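Report on the following structure.
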Amino acid sequence: MLLTRAERRRGIAWGLTSLACIAFFVGIAVIALLSWDVADAQSRLFTAYTWRILRFTLWQAMLSTLLSVGFALPVALALARRPDFPGRIWIIRLMALPMGIPVLIGALGLIGIWGRQGLINGLLLRLGLDQPVSIYGFSGILLAHVFFNLPLATRLLLAALERQPAEYWLLSASLGMKPLSVFRFVEWPAVRNVIPGISALVFMLCATSFTLVLVLGGGPAATTLEVAIYQSLRFDFDPPRAVALALLQIGITGIILVAMALLPAPDDHGAASGRASRRFDGRTLSAGLWDSCAVLAATAFLIMPLASILAAGLKADLWSLTTSAAFLAAARTSLSIALSAGLLTVLTSLAVIAGREAVADMKKPGITARSFAAMLAGMSSLVLLVPPIVLGTGWFLVLRPLGDVDRFAAALVAIINMLMALPFVMRVLEPALDTHRRRTARLSASLGVSGLSRLRHIDLPVLTKPLLTALSFAMALSLGDLGVVALFGSNDLITLPWLVYNRLSSYRTNDADGLALILCLICLLLTILGTTGRKGANNG
Amino acid sequence: MRNTIVSMFAVAAALSLSTVAHAQQKTLTVYTYESFISEWGPGPKVKEAFEKTCACNVKFVGVADGVALLTRLKLEGQDTDADLALGLDTNLVSEAKATGLFEAHGLHLAAVKVPGSYSDDTFVPYDYGHFAVVYDTTAMKSPPKSLKELVEGDPSQKIAIEDPRTSTPGLGLLLWVRSVYGDKAPEAWAKLKNRILTVAPGWSEAYGLFTKGEVPMVFSYTTSPAYHMVEEKTERYQAASFSEGHYIQIEVAGILKGASDKELAKEFLKFMVSPAFQDVIPTTNWMMPAAETSSPLPEAFDKLVQPQKTFLMGSDEVAKNRQTWIDEWLNAMSMN
């Protein structure tokens, strides 16, 4: 009972408001689509085809998740053990990039390395192999999903490791623990808590993958439910069917995620002074070699496709591209949408967290309170499964009678981006806030520091960094999103990824490569902003 | 409260982005696809030329492509702002008519000249292109000379195609194979499958793979090489001429029932098949003009494949069978 009554009531109110807003936003879209009258409705929803793609969707998502998180673990452990690894901060920044690149650009970058004419096949050819190794098919999908999700998983795991109190490392060193014991008693407990959440996030991202699966899948045997949803809204224009498929997607994936969430995740928050972490372990040569290999392999895997994007982009006339009116307008649009979406996401996350905190603070939360907290958690992650095209189409129908949709389009895109970024930002902010509260709540309560002064003297100095990280995360995600705007179009709403697709669809591949490079650089800049002074993150 | 303030901020940002200062004169609102109105597309020139003759304002609204255009109209229904829709293709015509949103143009347009002499009481063609397999001459010395050769050729020479579930060219290839092979189409697909590197969601993705050198052939248009010859001064990319004939895509425009000024909309359709409009099409939309141009086409267009025979299915037939044929395609392509 560390919150005052007023604080607790406020927390619940915040949580309720965010829950209501999101439910309203999604609900209205769904209702609008369901009430659409389809003249020749296709009643056959659960055909063999639906089941086949459902099976494929889940199967590839499961394997992709396993690989992404599995490979991310050694990388995160190595990075955590080596705070002085050369270029460490840049490796971490690099890991934010795949999220911000439009998926197609990432796919072309991957193809530049792993494709038939790519670097790897070129090497193999020189070594005397005559048949090129093909990435098209299941392996290509997995490769691409690991490329996009391994960095995400690594960053989140690393954050969890870095939140371990400095005393643990000190103690494990003075006890002379072997690496295996350090892993068992210090590192594993830290990552065990976050692995289900991270896996769930990656699973959802892979389950809703669209472009990657089609471009690299090699044929319609590789089709996700998202493709079917897209098809039923675009070609068939059968909104109720799209909603039914979307519900199927949310339902099945939701069940799997709930099952995953039931895995035990014991609470493990020690009291700590919040002093800067120093690592004393891993001084042996073999540990050093292992860590270097893990980090270098992951970095190479990430950097090669990015380098191929860079090489392609440099061929474009970057100067005339960046000074063109079309680019400047699109950059302005993109940045204002990304900033709105980013701020919205951070605020919504804070509201959700406040609600959960208030419930957690109750002495004996009743069933209502507990299910409220569970709903907050569920909603803020499952919302990733709602296809943006469903939300966009639904809201178009709702807003259309109110006037020119162009006027609402930017706000709509910002809100939809907010929903997409919410699960990510929650995973950055919630643990940070949680740890911070555990470290300071008692002290603040006993000192009677609350409200604004607590915000100023206790919260902001520590939380500024995670907040900035969260904001840059959300902004990068929003920047790279092609968005529902592509489906409805509006002269005043041309974003950077939209511009990239535009050039591509008019044969101007060079310009598209150049713009993609610029987009990557903007994302890098954002990430730098989000990770400045990260080294001192634990200096409370 | 802060949530509300921020969402208001987002709405305000949206508002400030839209510019709404237009002179008080008649406005013709044309819904079309985005690449038509981009700075290098036909849109800006067309707008300028038509505004000179009409003392009006042309307002273009661009969506992703022809399919999205029809979706947008369905979503807006009777109270759409559109006076004209420009950019549907012949496959979508019957579906577009079924919405009941369009009105017969009532014009006699003798100027229109498209292969197969397509004509319709509601929709007027403004350009066309034949689908074709485009290949990279540096990677392929002997391209297939027929659809049969494409289907039965060396499976190590790959092609990137588009998905008929998500794109118009994808549907075009489906109909082409159907036109040539009839009921034997599934068998043809099962064979062609081995040559297909990947099935991209849309033309841009497939063509991107092609120009990156990843695949020596791509499913595109006979006019694609013209872009590379005119803009990039290279003859590297060429279309393969198929002896059976080529399937055609005709792009059309039509008047909406709710058009605010139908006479103005009709004027635009007449203008659309006049040289002032048609001159712009070849080197901006990279399609063939659907009527006379004032001067001969650029030299590069003489070098393009001229199909001996044109395939075009009636749009009713397409609308009726599309789902069945896509299902057949799915089965044939998913078999191992």
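The listed protein sequences correspond, in order, to chains E and U.
So that you can map any letter, position 494 of the first sequence is 494 in the numbering used here, and since no number is skipped, the others follow by simple counting.
So that you can map any letter, position 99 of the second sequence is 1099 in the numbering used here, and since no number is skipped, the others follow by simple counting.
C-beta: ideal position from N, C-alpha, C; glycine also.
From a predicted model like this one, the values you see are computed outputs, not experimental measurements.
Other residues of its chain near U:Ser1167: CB distance less than 7 Å, five sequence neighbours each side excluded: Pro1201, Gly1202 and Trp1203
First and last residue of the uninterrupted beta strand (DSSP E) at U:Ala1085: Leu1084 to Asp1089
Taking a Cβ distance cut-off of 9 Å, strictly less, list which residues of the segment 1201-1224 of chain U are near chain E, in chain order. Pro1201, Gly1202, Trp1203, Ser1204, Glu1205, Ala1206, Tyr1207, Gly1208, Leu1209, Thr1211, Lys1212, Gly1213, Glu1214, Val1215 and Ser1224
Host beta strand (DSSP E) of U:Glu1232 (start-end): U:Glu1232 -> no beta strand (DSSP E), and no H or E assigned at all.
Determine the direct distance from the alpha carbon of E:Met204 to that of E:Thr253, and round the result to whole angstroms. 7 Å
Quick check: is the beta carbon of E:Gly536 nearer than 9 Å to any beta carbon in chain U? Unreliable positioning characterises E:Gly536 in this predicted model, as indicated by a pLDDT of 42, which lies under 50. A coordinate reading is not provided.
Which residues, in chain order, does the segment 1157-1181 of chain U contribute to contact with chain E at a C-beta distance below 7 Å? Asp1163, Arg1165 and Thr1166
Let me check understanding here. Comparing Cα to Cα, which of U:Ala1265, U:Tyr1247 and U:Glu1292 lies closest to U:Leu1107? U:Ala1265
Alpha carbons only, please: which of U:Ala1111, U:Met1229 and U:Asp1327 is nearest the one belonging to U:Pro1298? U:Met1229
Could you give the distance in angstroms between the alpha-carbon of E:Phe210 and the alpha-carbon of E:Thr223? 8 Å
Distance, Cα to Cα, E:Cys520 vs E:Met99? 10 Å
Cα-Cα separation, U:Ile1248 to U:Pro1296: 22 Å
For E:Gly219, return the contacting residues in chain U, with the cut-off set at a CB-CB distance below 9 Å. Lys1193, Ile1196, Thr1198, Val1199, Met1333 and Ser1334
Can you give the Cα-Cα distance for U:Ala1160 and U:Glu1292, rounded to whole angstroms? 34 Å
Does U:Gln1323 get closer than 9 Å to chain E when you measure Cβ to Cβ? yes
Using a Cβ-Cβ cut-off of 9 Å, state whether U:Ser1035 counts as contacting chain E. yes
Do you know how far the Cα of E:Leu433 is from the Cα of U:Gly1066? 48 Å
So that I know if they touch, is there some Cβ in chain E lying closer than 9 Å to that of U:Lys1074? yes
For E:Asp267, does the count of other Cβ atoms within 10 angstroms reach 16, so buried, or fall short, so exposed? Reliability fails at E:Asp267, whose pLDDT of 47 lies under 50, so the model's placement of it is uncertain and no value is given.
Measuring straight from C-alpha to C-alpha, what distance separates U:Met1333 and U:Lys1141? 28 Å
Is the number of C-beta pairs between the segment 1083-1096 of chain U and the segment 1241-1255 of chain U that are closer than 8 Å three or more? yes
Less than 9 Å between the beta carbons of E:Leu108 and E:Ile303, yes or no? no
Where the beta strand (DSSP E) containing U:Thr1198 begins and where it ends: Ile1196 to Ala1200
Measuring straight from C-alpha to C-alpha, what distance separates U:Pro1275 and U:Leu1101? 29 Å
Residue range of the unbroken beta strand (DSSP E) whose run includes U:Glu1251: His1246 to Leu1256
Could you spell out the range, first to last residue, of the beta strand (DSSP E) harbouring U:Gly1062? Asn1057 to Val1063
What residue range is occupied by the uninterrupted alpha helix (DSSP H) comprising U:Thr1293? Element bounds for U:Thr1293: n/a, residue is neither H nor E.
Quick one: what's U:Val1134 bridged to in DSSP? U:Val1218 and U:Ala1239
Cα separation between E:Met426 and E:Leu3? 21 Å
Report the partner residues of U:Pro1125 according to the DSSP bridge assignment. U:Val1252
Every unbroken alpha helix (DSSP H) within the segment 473-522 of chain E, with a cutoff of 4 residues, ordered by chain: 485-488 and 496-504
Quick one: Cα of U:Trp1189 to Cα of U:Arg1236, how far? 28 Å
From U:Tyr1207 to U:Val1218, what does the alpha carbon distance come to, in whole angstroms? 6 Å
Just mark U:Asn1194 as buried or exposed, buried being the case when its beta carbon has 16 or more other beta carbons within 10 Å. exposed
By Cβ distance, which residues of its chain are closer than 7 Å to E:Met362, with the 5 residues on each side in sequence left out? Ala369
Closer than 9 Å, CB to CB, is E:Arg55 near chain U or not? no
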